[in-house]
Structure formats: C-alpha cells, structure tokens
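Taken in sequence, the protein lines are chains A and B. Our numbering numbers the first residue of the first sequence as 1 and each following residue consecutively. Our numbering numbers the first residue of the second sequence as 171 and each following residue consecutively. Read the structure below first, then the notes.
There are 2 protein chains.
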Amino acid sequence: MDEQVPWVQQQADPLAPRDDDLRHAMELLFFAYRDFTGEADAVLADYDMGRAHHRALYFIGANTGISVSELLAILKITKQSLNRVLSTLIDEGYVVQETDDGDRRRRLMHLTPKGRDLEQLLTRRQSAHIARAYRDAGPDAVEGFRRVLFGLINEADRHRVPPPGPAAHG
Amino acid sequence: MDEQVPWVQQQADPLAPRDDDLRHAMELLFFAYRDFTGEADAVLADYDMGRAHHRALYFIGANTGISVSELLAILKITKQSLNRVLSTLIDEGYVVQETDDGDRRRRLMHLTPKGRDLEQLLTRRQSAHIARAYRDAGPDAVEGFRRVLFGLINEADRHRVPPPGPAAHG
DNA sequence: GCATATAAGTCAATAACACTGACTTATTTT
DNA sequence: AAAATAAGTCAGTGTTATTGACTTATATGC
C-alpha cells in the first residue's frame, strides 16, 4: 500500500500558529469528532434513532426543565427539525413536557426514567472513549484541550459551558 | 431570560476523570465543532456545495495524488456518497483525475488551480477561527489540545495525522 | 380591553448527505 | 484462465436538515 501521507513539518515557533499547524488542527478535529460521534451510532440504530435524537436527549438531560426555544438555541437547528425528533422522543416516552406555571406558553421538558436510561446508555460509550483519551494525555493536556475548545466556541455561546479554570500551570 | 445553566462542579482531582468532566468534554466538542464547521458553510452555499464537498476538496488538497479508495477510507463514507460529490467537483473543474501509470485501475486526484483557490477560501475562515483560539489559549494548551484529540482518534486512523510531540512540559 | 409580541406547534415542499445492494468495466494478480 | 481489486454506476431509501406560511395559546404594553 505504501500510503504516502506527507507531513513534512517541524514545529519552529508554536507561539505564532503556522499554516501547517492550523491544518493539523482541522484534521484532528475532523477525525476526533468523527470517531467520537461514531461511538453511539450503533446503539442509536437499535432504537431507530439518529444523532439528532441523541443530542436532544443529551441536552434535555443536562438541562432539566429546559424550554423548547432554549433547546433550539443550543442545537441551532430549526423548529421543524427539532419537532420531528422531539415528537418521537415524547411519543415513545423518553421525554415529557410540562406547562410552565409562571408562563403558560412555555413547555418545560425533562427526561423520564426510560429517557434517562437511554441517555446514559448512549453517553456511557462516549464517556469511556473520552476517559481513555484523558488518561492517556494527562491532566495538563486536558486543561489545554479545554482551553482551546472553549476558545473555538462562538462568544455568544460560551456561557453554555463552564469556563476553563485560570491557567494553573504557567 | 435568566437562563439557568447549572454546572455545579469543582475540579477536585483531574487525574481520575469524573462524570461531570466527561460530560463537559462532550459539550465542548459539540459546541466547538458546531461553530468550527459553521465558518465555511456560508461560503459553501454561494457555490451550491455542502460540507461533503469541502471535506473532499480539503483531503484531496492535503494529499495530492490520493486515490479514490484512499479518500473513501479517510472520509468513511460509501462509494456512492462520495461519487455524487466527486462528480460535481470534477465536472465543475475543481478536481482532476489521472490514471496511475503504475496501476492503471487507480485514479489519482489533485486540485486544479480553481480547486486550490476554493479550498483556500474555505479554509481561510476556519484557520482564522482556530488561530484565534490557539493564541488565546497559549502554546501549552495547544499541545494539550493536540494530545487529547489525537487520543480520541481510533487507533486505526491515527497514522493519518502527525503524532503529538513527546511531552515537552513535564 | 385591545394590539402586539412571544412560545409552541403544524403543514407542505425541498435538499444535502448518507445508506444498501447489485451490477459493470478495466486492470492486475495468482 | 480465474480471482481479486479499483472504479464507476443504477435504483431505491432514510435521516437530518432547510424555507415559508400558518394556527393556537398566552403574555405584555398601552
């Protein structure tokens, strides 16, 4: 086969990111995300669901009592796209909606025990995947991973994740 | 609005990844990848193309002379899925195929100048996005980012990206 | 109270991107 | 000559997303 995969580069000055470094980052993101999301796909298929169901399940689980519009803001998809997924999850008893007492237009959502079980089943595989990478890379690397990924998130959405701790190793 | 986004967690011992840390990682990956890929989408739309075209364009550009089956192995999609995308790119003059002299069954691909231009136009935005995150996070963080992402890639595919340097910051 | 705005849900039509399975053609290997 | 490989193609399908228009219920501003 002799796959010629030519990365002729030496890191000279990592302070000023070079073109090769940036391309490298894109490839890392592509492959890592592809393999990370691939973990749950086999399980999902058994339930006749896709990644969209998983994402909804995950973020409802992580934000109990979330409203439909808040979930839309997180997923950045249209109402119609979400609706199809949400209908399935509600019809099959993974998610329930309750009218908000304070504002009766709002439907606050949470997982049923069945939904929690499925969410955990899906998340477990991905967790193991990440835990392995975390262990292999070590705590300093994990901190760096967090800092860079946080910086990749649009400023408007950074409030949705915990901020990285102040540089504890400098 | 008062978005209640409850992340009640304190990092006690980053050596043993806790459940919260792993969930945190999943959210970081989701948001960062979403915003990273979103960069090029607007440009792509002007050319009536999607992410699949971009990925093909990118990996052909990064691996000049790549064969169809090698590209399939990278993208992990089916031949039919690739074919539709590839046909467009070839028909519109972004990519050319040439029969391999050594093995005349193989079609080696490379970008035309037009293809190179589009690829760079698309990549430029994403590069700027990553460069900013790299600068904000600092070189140590970048190294950690690389180590963790490398660990997230399936072992069978790690040979496709440069390995992270040996821990240079004990 | 009335007008307006907001939250949610729905309808119809469409597209991008992926899939499976079967098949053909050309070429290389055994 | 037979088998394997690389590429390309056909028909049919499914998931996830899109846009645009519309309805219903509820809340808010005046």
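Quick reminder that beta carbons are idealized off the backbone N, C-alpha and C, glycines included.
Which of helix, strand or coil does DSSP assign to residue i?
{"i": "V255/B", "result": "helix"}
{"i": "R106/A", "result": "coil"}
{"i": "G308/B", "result": "coil"}
{"i": "E268/B", "result": "strand"}
{"i": "I90/A", "result": "helix"}
{"i": "V161/A", "result": "coil"}
{"i": "R18/A", "result": "coil"}
{"i": "L152/A", "result": "helix"}
{"i": "H169/A", "result": "Any reading at H169/A must be qualified, since the residue scores a pLDDT of 47, below 50, and its modelled position is unreliable; the value itself is stated next. Reduced to three states, the DSSP call for H169/A is coil."}
{"i": "E173/B", "result": "At E173/B the pLDDT is 41, less than 50, meaning the model places this residue with poor confidence; the figure from the coordinates comes in the next sentence. E173/B falls in the coil class under three-state DSSP."}
{"i": "E143/A", "result": "helix"}
Can you tell me the Cβ-Cβ gap for residue i and residue j, rounded? I've got them flagged as a contact below 8 Å.
{"i": "R277/B", "j": "V238/B", "result": "6 Å"}
{"i": "Y264/B", "j": "G285/B", "result": "4 Å"}
{"i": "S127/A", "j": "L192/B", "result": "4 Å"}
{"i": "P164/A", "j": "R147/A", "result": "5 Å"}
{"i": "G308/B", "j": "V142/A", "result": "Incorrect: roughly 15 Å between the Cβ atoms, too far for contact."}
{"i": "L281/B", "j": "V213/B", "result": "At roughly 16 Å, the Cβ-Cβ gap does not stay under 8 Å, so L281/B and V213/B are not in contact."}
{"i": "T37/A", "j": "R51/A", "result": "6 Å"}
{"i": "L241/B", "j": "L252/B", "result": "7 Å"}
{"i": "L152/A", "j": "H299/B", "result": "7 Å"}
{"i": "L245/B", "j": "R225/B", "result": "6 Å"}
{"i": "L118/A", "j": "Y33/A", "result": "Not really, about 22 Å apart at Cβ, beyond 8 Å."}
{"i": "R295/B", "j": "E209/B", "result": "4 Å"}
{"i": "D35/A", "j": "F201/B", "result": "Rounded, the Cβ-Cβ distance is 18 Å, inconsistent with contact."}
{"i": "M109/A", "j": "I60/A", "result": "5 Å"}
List, in order along the chain, the chain A residues whose C-beta lies closer than 8 Å to that of residue i?
{"i": "N253/B", "result": "Per Cβ cutoff of 8 Å: no residues; N253/B is ~20 Å from chain A at best."}
{"i": "G285/B", "result": "What G285/B touches in chain A: nothing, since even the nearest Cβ is about 16 Å away."}
List the residues of chain B that residue i touches, going by C-beta distances under 7 Å, in chain order.
{"i": "R147/A", "result": "A307 and A311"}
{"i": "H53/A", "result": "Chain B residues near H53/A: none, gap ~14 Å exceeds 7 Å."}
For residue i, return the contacting residues in chain B, with the cut-off set at a CB-CB distance below 9 Å.
{"i": "I77/A", "result": "The contacting residues do not exist; I77/A stays about 10 Å from chain B at best."}
{"i": "P166/A", "result": "Ordered by position in chain B, no residue passes the 9 Å Cβ test against P166/A, which lies about 12 Å from the chain."}
Quick one: does the C-beta of residue i sit closer than 7 Å to a heavy atom of the ligand SAH?
{"i": "H159/A", "result": "This structure lacks the ligand SAH, and indeed carries no ligand of any kind."}
Name, please, each residue of chain B whose Cβ falls closer than 8 Å to the Cβ of residue i.
{"i": "R132/A", "result": "G321"}
{"i": "V161/A", "result": "W177, H194, E197, L198 and F201"}
Note down, in chain order, every chain A residue with its Cβ under 9 Å from the Cβ of residue i.
{"i": "S297/B", "result": "P17, D19, L22, R23, A25 and M26"}
| query | Along the chain, which unbroken stretches of the alpha helix (DSSP H) at least 4 residues long are found entirely within the stretch 27-84 of chain A? | reply | 51-62 and 68-75
| request: Kindly provide the ranges of any beta strand (DSSP E) runs that are 3 or more residues long and lie completely inside the stretch 280-305 of chain B, ordered along the chain. | output: Fully enclosed beta strand (DSSP E) runs of 3 or longer: not present.
| request: Taking only beta carbons into account, state which residues of the stretch 88-111 of chain A come closer than 8 Å to chain B, listed in chain order. | output: Residues passing the 8 Å Cβ filter: none.
| said: So if I threshold CB-CB distances at 7 Å, which residues from the stretch 23-44 of chain A count as touching chain B? | reply: R23, H24, A25, M26, E27, L28, L29, F31, A32, Y33, R34, D35 and F36
| field | Short-range partners of chain A found in the stretch 217-244 of chain B, where Cβ spacing is below 8 Å | value | Those residues of the stretch 217-244 of chain B that come within reach of chain A (Cβ to Cβ, closer than 8 Å) are R225, Y228, A232, N233, G235 and E240.
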